[in-house]
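Residue numbers for the sequence shown follow my numbering, beginning at 4 and rising by one. Note that beta-carbon positions come from the ideal geometry of N, C-alpha and C, so glycine has one too. Since we're looking at a predicted model, the values are computed, not measured.
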Amino acid sequence: MNQLNELSALINQTFNWNKARIDCLVGMLIALLSTRSMNLTELAIAFPNEAKPDSRYRRIQRFISDYLPDFDKVSLFIMKLFGFLTQDYYLILDRTNWKWGKKTLIFSS
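So, in structure tokens, the structure goes:
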């Protein structure tokens, strides 16, 4: 539980959000690590919360739809998380979907 508090504090230092938004992101990160899937239904099931899975699913949807990330802050958060702030690094995030017509060529396992 202490690690969750540390993660919440680090997110708050970087993004300065309200507690509900921070808790949602922490829950999504935990669910993502446990399921290793980006499927929102699977994330909602693994989300560490006592609410019904449908409520958790809707909460994740609202978080994603209401928030456009500031990628400078996202990269700063990742660098803080891994302790790379003492040196100059470039962080490159890529989310590429390759398709041939309607067929997806890149699959996640």
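Cα-Cα separation, residue i to residue j
i	j	result
residue 10	residue 79	14 angstroms
residue 112	residue 86	Unreliable positioning characterises residue 112 in this predicted model, as indicated by a pLDDT of 45, which lies under 50. The coordinate reading is nonetheless provided below. Going from the Cα of residue 112 to the Cα of residue 86 covers about 28 angstroms.
residue 28	residue 72	12 angstroms
residue 41	residue 63	11 angstroms
residue 60	residue 69	14 angstroms
residue 104	residue 95	27 angstroms
residue 5	residue 49	20 angstroms
Residue range of the alpha helix (DSSP H) that includes residue i
i	result
residue 47	43 to 49
residue 18	5 to 18
residue 30	22 to 38
residue 69	56 to 69
DSSP bridge partner residues for residue i (one or two, in chain order)
i	result
residue 1	Only positions 4 to 112 of the chain appear in this structure, which leaves residue 1 out of reach.
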